[in-house]
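Data block below; observations after.
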Amino acid sequence: MCEAANRLGFGKDLVDDSRNIMAELEKMELTEQECFIAADKILFVPHHLHIFMGCRDATRLAFVKPLIG
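Take a look at the structure:
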């Protein structure tokens, strides 16, 4: 199943999303542990990813803080 997902491009998309999210979280001056917790919760729930990517600056931080709460 993983091989099929990779052939369809899902594997690469998930890796790219996780890298992009971690890079954005690191810009927010969160601890490394907070970054991992937030990234896990953002990637686990699809609508969290859409909300996170749609937010900017203070709004994005306001969205992330309850996730790492």
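Sequential numbering from 108 applies to the sequence shown in this note's numbering. Built from N, CA and C at the ideal position, the CB exists for glycine as well.
For VAL171 and ARG126, what's the separation of their Cα atoms in angstroms?
Walking along the sequence shown from the start, residue 171 turns up at place 64. Walking along the sequence shown from the start, residue 126 turns up at place 19. A straight line joining the alpha-carbon of VAL171 with that of ARG126 spans about 16 Å.
Would you mind reading off the limits of the alpha helix (DSSP H) that contains GLU141?
To locate residue 141, count along the sequence shown from 1; it is residue 34. 139 to 151 is the span of the alpha helix (DSSP H), which, as asked, contains GLU141.
How is MET160 classed by DSSP in three states: helix, strand or coil?
One-based indexing of the sequence shown puts residue 160 at position 53. In this structure, MET160 counts as helix in the three-state DSSP scheme.
What separation, rounded to the nearest whole angstrom, lies between the Cα atoms of LYS148 and ARG167?
Residue mapping note: residue 148 aligns to position 41 of the sequence shown, counting from 1. Residue mapping note: residue 167 aligns to position 60 of the sequence shown, counting from 1. Computed Cα separation, rounded: 14 Å.
Where does MET135 fall in DSSP's three states?
The residue you call residue 135 lines up with position 28 of the sequence shown. Coil.
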